[in-house]
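Student:
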Amino acid sequence: MATPSVNPPLSETKGDSLPPEHQSVPVRQSLHYKLVITLYRVFAITVLYLVLAGIVGYAFVMGFYAVNSSWAAPIILSAADEKSLNFREKLVTSQQTIEDLKVDTKKLEIGLAEMKKHRASLLALEPELQQAIVRERSHNRTTGPELAELDQQKQADNLKTQKVLAQLTQVESNINKDLASGLITQGDAATQLAALNQAKGTYTDSKIAEVLLTDNVLDKTTTGTNSLDVLVKQAELRSEVAQLDVAINVAEKQLQEESRQVDRLRQAIQTAKQSPYYLNASGEKTLYFAFVPYDNQASAAAGSSIYDCYLNMIACRKVGMLKQTFAGEETAIHPIFKTQIRGFLVQMNLDHVESAKSKTVFLGRKPMLF
Amino acid sequence: MAPILLWLILVLCLLISAVKYLMGIILKFSFASTKAQKDYGYQPTVSVLMPCYNEGKTVYETIESISKSNYPNDKFEVIAQDDCSGDDSYDWMLKAQRDFTNIRVRLGRNEVNSGKARSVCNALQHSTAEIIISIDSDCVFHPDAIRELTACFAEPGIGSVGGRVGVRNPNDSVITAIQTVIYYSAFQLYKIPENWTRSICCISGCLFAIRRRLLLEIEPAIRSRNWFGIPVNQGEDRFLTHQTLLRGYGTYINNDALCWTTVPNTLPVLFKQQLRWRRSIVRDFFFTLRTLPQHVWKLHPNTVFTLVLTPLGAVVGFLVVVTMLTSDPLAWAGPVPLITALGVGAVLTWVIKKYSAKEAVAHPLAFGAYIAWSLVSSLFLTPLALCTMDSADWGTRAKPQEVPLGNAKR
Numbered sequence: 000m001a002t003p004s005v006n007p008p009l010s011e012t013k014g015d016s017l018p019p020e021h022q023s024v025p026v027r028q029s030l031h032y033k034l035v036i037t038l039y040r041v042f043a044i045t046v047l048y049l050v051l052a053g054i055v056g057y058a059f060v061m062g063f064y065a066v067n068s069s070w071a072a073p074i075i076l077s078a079a080d081e082k083s084l085n086f087r088e089k090l091v092t093s094q095q096t097i098e099d100l101k102v103d104t105k106k107l108e109i110g111l112a113e114m115k116k117h118r119a120s121l122l123a124l125e126p127e128l129q130q131a132i133v134r135e136r137s138h139n140r141t142t143g144p145e146l147a148e149l150d151q152q153k154q155a156d157n158l159k160t161q162k163v164l165a166q167l168t169q170v171e172s173n174i175n176k177d178l179a180s181g182l183i184t185q186g187d188a189a190t191q192l193a194a195l196n197q198a199k200g201t202y203t204d205s206k207i208a209e210v211l212l213t214d215n216v217l218d219k220t221t222t223g224t225n226s227l228d229v230l231v232k233q234a235e236l237r238s239e240v241a242q243l244d245v246a247i248n249v250a251e252k253q254l255q256e257e258s259r260q261v262d263r264l265r266q267a268i269q270t271a272k273q274s275p276y277y278l279n280a281s282g283e284k285t286l287y288f289a290f291v292p293y294d295n296q297a298s299a300a301a302g303s304s305i306y307d308c309y310l311n312m313i314a315c316r317k318v319g320m321l322k323q324t325f326a327g328e329e330t331a332i333h334p335i336f337k338t339q340i341r342g343f344l345v346q347m348n349l350d351h352v353e354s355a356k357s358k359t360v361f362l363g364r365k366p367m368l369f
Numbered sequence: 000m001a002p003i004l005l006w007l008i009l010v011l012c013l014l015i016s017a018v019k020y021l022m023g024i025i026l027k028f029s030f031a032s033t034k035a036q037k038d039y040g041y042q043p044t045v046s047v048l049m050p051c052y053n054e055g056k057t058v059y060e061t062i063e064s065i066s067k068s069n070y071p072n073d074k075f076e077v078i079a080q081d082d083c084s085g086d087d088s089y090d091w092m093l094k095a096q097r098d099f100t101n102i103r104v105r106l107g108r109n110e111v112n113s114g115k116a117r118s119v120c121n122a123l124q125h126s127t128a129e130i131i132i133s134i135d136s137d138c139v140f141h142p143d144a145i146r147e148l149t150a151c152f153a154e155p156g157i158g159s160v161g162g163r164v165g166v167r168n169p170n171d172s173v174i175t176a177i178q179t180v181i182y183y184s185a186f187q188l189y190k191i192p193e194n195w196t197r198s199i200c201c202i203s204g205c206l207f208a209i210r211r212r213l214l215l216e217i218e219p220a221i222r223s224r225n226w227f228g229i230p231v232n233q234g235e236d237r238f239l240t241h242q243t244l245l246r247g248y249g250t251y252i253n254n255d256a257l258c259w260t261t262v263p264n265t266l267p268v269l270f271k272q273q274l275r276w277r278r279s280i281v282r283d284f285f286f287t288l289r290t291l292p293q294h295v296w297k298l299h300p301n302t303v304f305t306l307v308l309t310p311l312g313a314v315v316g317f318l319v320v321v322t323m324l325t326s327d328p329l330a331w332a333g334p335v336p337l338i339t340a341l342g343v344g345a346v347l348t349w350v351i352k353k354y355s356a357k358e359a360v361a362h363p364l365a366f367g368a369y370i371a372w373s374l375v376s377s378l379f380l381t382p383l384a385l386c387t388m389d390s391a392d393w394g395t396r397a398k399p400q401e402v403p404l405g406n407a408k409r
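Protein sequences appear in the order of chains A and B.
For the first sequence, position 29 matches number 28 in numbering that gives the first Met the number 0, and the numbering has no gaps at all.
For the second sequence, position 389 matches number 388 in numbering that gives the first Met the number 0, and the numbering has no gaps at all.
1. Tell me the residue span of the alpha helix (DSSP H) that contains A/Asn175.
2. Mind pulling the chain B residues with CB within less than 9 angstroms of A/Val46?
3. Taking Cβ-Cβ distances shorter than 7 angstroms, what residues in chain B pair up with A/Arg40?
4. Measure the C-alpha to C-alpha separation of B/Cys200 and B/Gln273 and round it to an integer number of angstroms.
5. What are the residues of the segment 326–348 of chain B that lie near chain A, defined by any Cβ-Cβ distance shorter than 9 angstroms?
6. What residue from B/Glu129, B/Asn53, B/Asp82, B/Gly228 has the CA that sits closest to A/Tyr32's CA?
7. If you follow the alpha helix (DSSP H) that A/Gly56 is in, where does it begin and where does it stop?
8. Per the contact definition of three or more C-beta pairs closer than 8 angstroms, is the segment 176–191 of chain B in contact with the segment 209–228 of chain B?
9. Which value, in whole angstroms, describes the spacing of the CA atoms of A/Met312 and A/Met367?
10. Would you mind sorting A/Arg371 into buried or exposed? The rule is 16 or more other CB atoms within 10 Å of its CB.
11. Measure the CB-CB distance between B/Ile221 and B/Glu235 and report whether it falls below 8 angstroms.
12. B/Gly158 CB to nearest chain A CB: under 8 angstroms?
13. So with CB distances below 7 angstroms, who are the chain A contacts of B/Gly23?
14. Name, please, each residue of chain B whose Cβ falls closer than 9 angstroms to the Cβ of A/Thr92.
15. Measure the alpha-carbon distance for B/Glu218 versus B/Asn121 and round it to whole angstroms.
16. For B/Thr250 and B/Thr243, I'd like the C-alpha separation in whole angstroms.
17. Please confirm whether B/Val160 and B/Ala116 have their CB atoms less than 8 angstroms apart.
18. So, helix, strand or coil for A/Gln376, using DSSP?
19. When you compare the segment 123–133 of chain B with the segment 42–55 of chain B, are there three or more beta-carbon pairs, one atom per stretch, that lie closer than 8 angstroms?
20. Can you tell me whether B/Pro310 is buried or exposed, with buried defined as 16 or more other CB within 10 angstroms of its CB?
21. From B/Leu14 to B/Ala35, what does the alpha carbon distance come to, in whole angstroms?
22. Just the Cα atoms here: how many angstroms apart are B/Pro382 and B/Ala176?
23. Check A/Lys232 in the structure and name its three-state DSSP category.
24. Would you kindly report the start and end of the unbroken beta strand (DSSP E) that includes B/Tyr189?
25. With a floor of 3 residues, list each beta strand (DSSP E) that falls wholly inside the segment 20–80 of chain B, ordered by position along the chain.
26. Am I right that B/Met47 and B/Ile134 are in contact with their C-beta atoms under 8 angstroms? What's the rounded C-beta distance?
27. What do you reckon, is the C-beta of B/Pro310 under 7 angstroms from a heavy atom of the ligand NAD?
28. Taking Cβ to Cβ, would you say B/Ile174 is nearer than 8 angstroms to B/Thr57?
29. Could I get the ranges of all uninterrupted alpha helix (DSSP H) runs contained in the segment 93–147 of chain B, with 4 residues as the minimum, in chain order?
30. Nearest-angstrom Cα distance between A/Thr220 and A/Lys116?
31. In chain C, which residues lie less than 8 angstroms from B/Leu378 when you measure between Cβ atoms?
32. What's the C-alpha gap between A/Gln151 and A/Thr213?
33. Can you tell me where the beta strand (DSSP E) holding B/Asn254 begins and where it ends?
34. Does any residue of chain A have a CB that is nearer than 8 angstroms to the CB of B/Leu266?
35. Below 8 angstroms between beta carbons: does that hold for B/Gly165 and B/Lys357?
36. Name the two residues that bound the continuous beta strand (DSSP E) containing A/Ser304.
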């Protein structure tokens with residue numbers, strides 16, 4: 000700021016100017032204080048440099064992990080790992096389900112075979128029954144009219160016989176009169192009466208025969224209950240066959256469905272066996288895995304070298320190879336930014352197993368060239 | 000253990016900031032006793048002490064604004080004390096003395112650079128007034144500032160009264176916009192609960208009124224302030240306020256007594272200023288802890304609470320930031336904190352525009368940048384302040400020469 004151009008040089012107004020402040024004798028710092036201050040300064044400088052180093056280091060780490068695309072975070076999956084245990088439990092359940100389904104399938108197959116056999120036997124009855132019905136109907140058509148004619152003749156005969164028998168009552172009376180009058184002996188009378196009774200009996204038999212014949216004609220010429228019974232039997236037979244068809248169809252479909260389910264479960268188990276959690280739970284050896292974020296996917300090729308570094312970025316050494324990658328998506332917490340990220344797991348073959356405990360490892364190459 | 004510590008830190012932060020700001024809002028609109036009883040008929044004699052160091056023409060403008068005060072001219076004077084400025088400040092002071100003849104302007108000069116606190120003490124030697132008003136030489140004052148300050152001394156028991164400091168350059172940059180919002184919320188909200196109990200813990204040195212006899216009583220303590228033999232020239236306003244409270248007087252901020260200061264508009268200057276303030280806070284904290292029983296016995300619980308928790312907040316802020324950066328570094332960059340910060344900023348900006356148009360901030364989104372700044376300041380300032388307690392550097396002026404302890408003592 001420039002000095003004002005007016006009234007140079009400026010001077011104090013005498014009455015309102017104050018005397019300058021004089022320096023008084025300085026108070027000397029005691030030796031004790033000097034020592035404290037010296038120690039404090041050494042301590043302060045050390046702390047400040049440490050804080051500065053910490054902040055710079057922290058900022059560098061943050062920046063490094065913001066741009067680096069080859070890091071992976073090792074994960075130690077113990078046999079008692081909850082996810083592995085759950086996985087194994089589900090696997091066992093799936094296998095058990097397959098076994099149950101196999102048993103069910105077997106039962107179904109046996110039942111189906113039985114049903115088919117029964118159906119075949121029922122179907123074999125059908126033509127025989129049909130044939131018998133036809134044969135019977137044909138026979139009836141032939142014998143029916145003949146019997147009807149004979150029935151009429153029989154009725155006519157019986158009518159004639161009835162008329163004759165009506166005269167026998169007079170004869171019987173005459174016999175009794177002749178016996179009473181002693182014209183005939185008792186023996187003759189008995190013989191004559193017996194003959195009369197025999198004639199009556201014969202008529203009765205003939206009448207019965209007529210009724211039976213009429214009945215027979217009725218059977219042969221009309222549809223009677225017997226015929227209906229046969230038809231019912233036939234319908235029952237067909238119904239049973241139809242029911243068997245339905246049952247067989249259902250059983251076949253169930254069989255197919257269960258077979259498909261078994262296939263699906265087998266496929267799922269096959270896929271599951273490729274999971275790190277299965278490998279971890281079933282393997283006897285300790286396996287090493289690492290989480291790779293999708294951003295670093297390009298670096299995660301099977302056979303890539305794995306490097307472990309001090310301070311998570313420098314002085315790196317090769318500690319193993321990447322064995323395989325797993326397709327399933329995993330989520331994890333970013334080891335530095337602490338945000339949730341998506342990625343996948345890889346299996347590592349580590350020569351230096353302590354690297355499995357590192358916060359991060361690097362895939363493919365050293366991140367800082369040393 | 001760690002989660003408990005984290006919870007304690009969070010609760011402490013909540014107590015320090017949220018509770019005080021919320022209390023500020025409630026008290027501001029509901030309790031009449033929050034405001035002091037002012038008597039404008041009470042017009043004591045006043046000496047306006049203005050220490051000055053390398054301010055150039057600004058000092059002229061400051062005296063000019065004081066000369067326009069609505070206060071009987073025969074009842075106040077300006078005592079400007081130059082602290083060996085390397086520029087033409089003293090010439091401007093002389094010019095002001097000549098130009099503003101309606102008031103009495105007296106000038107003094109230190110023989111060696113002594114710092115603000117000792118310059119005030121030196122100027123005090125020439126005053127006989129009842130009330131001393133210490134001001135910053137880079138501020139501009141409202142004509143009613145003196146009248147408003149002195150009116151508060153009518154309330155018995157008030158020892159020191161401060162004014163509200165507004166920002167002259169709110170829209171110089173995002174940095175000044177941020178400070179405008181902070182200054183406004185500090186005076187209008189944060190200090191209100193302290194006003195309620197007449198126990199402001201830090202009256203701004205920009206506009207600080209105190210009874211002369213009280214200042215004379217405290218003066219030896221100001222002059223002998225030292226840190227293991229190294230004189231302390233910073234934070235005299237906080238020290239004076241603290242001493243006022245410890246002597247049984249009340250402290251108060253009258254938001255109607257206005258002055259306007261030019262706040263730093265570059266990051267390095269702001270950083271140095273904040274570092275100086277943080278150092279004062281830490282120093283005050285140590286003093287409070289050292290004499291805690293005396294504080295508990297003598298002061299209002301609200302005062303003790305503020306004196307302990309405010310500086311502790313600075314340390315806690317450091318712990319919070321470190322914890323946050325190491326446990327969840329991107330949490331502060333999430334949408335919720337960002338929207339919250341911008342929301343608070345927008346509301347405060349609107350309030351400032353409505354109630355103090357002169358300070359209206361043109362960058363309402365600047366408050367978002369404040370979050371980033373507070374992270375950086377929390378991380379750097381506290382450890383840096385703790386490790387540079389021996390520094391006498393003012394920071395926002397050219398480097399002054401160090402004065403051995405007692406050099407400025409008369």
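Note that CB positions come from ideal geometry on N, CA and C, so glycine has one too.
Tutor: From the atom records:
1. Locating residue 175 of chain A in the first sequence gives position 176, counting from the first residue. It spans 81–179 - the alpha helix (DSSP H) in which A/Asn175 sits, taken as one unbroken run.
2. For the purposes of this step, residue 46 of chain A is identified with residue 47 of the first sequence, where counting begins at 1. Per Cβ cutoff of 9 angstroms: Pro382, Leu385, Cys386.
3. The residue given as residue 40 of chain A occupies position 41 in the first sequence. Going along chain B in sequence order, the residues near A/Arg40 (Cβ under 7 angstroms) are Asp389.
4. Here the question's residue 200 of chain B lines up with position 201 in the second sequence. Here the question's residue 273 of chain B lines up with position 274 in the second sequence. If I take the Cα positions, the gap works out to 17 angstroms.
5. Ser326, Asp327, Pro328, Leu329, Ala330
6. As a first step, residue 32 of chain A must be located in the first sequence, where it is residue number 33. It is B/Gly228.
7. The residue given as residue 56 of chain A occupies position 57 in the first sequence. Taken as a continuous stretch (DSSP letters only), the alpha helix (DSSP H) holding A/Gly56 covers 30–66.
8. no
9. Start at 1 with the first residue of the first sequence, and residue 312 of chain A comes out as number 313. Start at 1 with the first residue of the first sequence, and residue 367 of chain A comes out as number 368. Between the alpha carbons of A/Met312 and A/Met367 lies a gap of roughly 7 angstroms.
10. Residue 371 of chain A lies beyond the range of chain A shown here (0 to 369); nothing can be said about it.
11. Reading the second sequence from its first residue, position 222 is the one you call residue 221 of chain B. Reading the second sequence from its first residue, position 236 is the one you call residue 235 of chain B. Against a cut-off of 8 angstroms, the Cβ pair of B/Glu235 and B/Ile221 comes out as a contact.
12. Walking along the second sequence from the start, residue 158 of chain B turns up at place 159. No, no contact with chain A.
13. Position 24 of the second sequence, counted from the start, is the residue given in the question as residue 23 of chain B. Residues of chain A with a Cβ closer than 7 angstroms to the Cβ of B/Gly23 do not exist, since the nearest Cβ in that chain sits about 34 angstroms away.
14. Here residue 92 of chain A refers to the residue found at position 93 when the first sequence is read from its first residue. Result: empty, since nearest Cβ-Cβ is about 38 angstroms, beyond 9 angstroms.
15. Looking up residue 218 of chain B in the second sequence gives position 219. Looking up residue 121 of chain B in the second sequence gives position 122. Their backbone Cα atoms lie some 10 angstroms apart in a straight line.
16. Residue mapping note: residue 250 of chain B aligns to position 251 of the second sequence, counting from 1. Residue mapping note: residue 243 of chain B aligns to position 244 of the second sequence, counting from 1. Between B/Thr250 and B/Thr243, the C-alpha separation is close to 7 angstroms.
17. Position 161 of the second sequence holds residue 160 of chain B. Position 117 of the second sequence holds residue 116 of chain B. No, these two residues do not count as a Cβ contact at 8 angstroms.
18. It is not possible to answer for residue 376 of chain A, since the shown part of chain A is limited to 0 through 369.
19. Yes, the segment 123–133 of chain B touches the segment 42–55 of chain B.
20. Here residue 310 of chain B is taken as the residue at index 311 of the second sequence, counted from 1. Looking at its Cβ environment, which holds 16 or more other Cβ atoms inside 10 Å, B/Pro310 is buried.
21. As a working note, residue 14 of chain B is residue 15 in the second sequence. As a working note, residue 35 of chain B is residue 36 in the second sequence. In a straight line, the C-alpha of B/Leu14 is about 25 angstroms away from that of B/Ala35.
22. Counting from one through the second sequence, the residue named residue 382 of chain B turns up at place 383. Counting from one through the second sequence, the residue named residue 176 of chain B turns up at place 177. Taking the straight line joining both Cα atoms gives about 26 angstroms.
23. Position 233 of the first sequence, counted from the start, is the residue given in the question as residue 232 of chain A. Correct three-state label for A/Lys232: helix.
24. As a working mapping, residue 189 of chain B is identified with position 190 in the second sequence. Here B/Tyr189 belongs to no beta strand (DSSP E), and DSSP marks it neither H nor E.
25. The DSSP assignment places 45–51 as complete runs of the beta strand (DSSP E) inside the segment 20–80 of chain B, in order along the chain (cut-off: 3 residues).
26. Here residue 47 of chain B corresponds to residue number 48 of the second sequence, with the count starting at 1. Here residue 134 of chain B corresponds to residue number 135 of the second sequence, with the count starting at 1. The sequence given here has Val at residue 47 of chain B, not Met. At roughly 6 angstroms, the Cβ-Cβ gap stays under 8 angstroms, so B/Val47 and B/Ile134 are in contact.
27. In terms of ligand content, the structure shown is empty, and the ligand NAD therefore cannot be addressed.
28. Locating residue 174 of chain B in the second sequence gives position 175, where the first residue counts as 1. Locating residue 57 of chain B in the second sequence gives position 58, where the first residue counts as 1. The answer is no: Cβ separation not under 8 angstroms.
29. 115–123
30. In the first sequence, the residue the question calls residue 220 of chain A occupies position 221. In the first sequence, the residue the question calls residue 116 of chain A occupies position 117. Between A/Thr220 and A/Lys116, the C-alpha separation is close to 39 angstroms.
31. Within the model displayed, chain C is absent; protein chains A and B are what it includes.
32. Working through the first sequence from its first residue, we reach residue 151 of chain A at position 152. Working through the first sequence from its first residue, we reach residue 213 of chain A at position 214. If I take the Cα positions, the gap works out to 9 angstroms.
33. One-based indexing of the second sequence puts residue 254 of chain B at position 255. First-last of the beta strand (DSSP E) with B/Asn254: 249–260.
34. Along the second sequence, one-based indexing puts residue 266 of chain B at 267. So, not an interface residue.
35. Residue numbering aside, residue 165 of chain B sits at position 166 when the second sequence is read from its first letter. Residue numbering aside, residue 357 of chain B sits at position 358 when the second sequence is read from its first letter. Yes. Within cutoff.
36. Position 305 of the first sequence, counted from the first residue, corresponds to residue 304 of chain A. First-last of the beta strand (DSSP E) with A/Ser304: 304–309.
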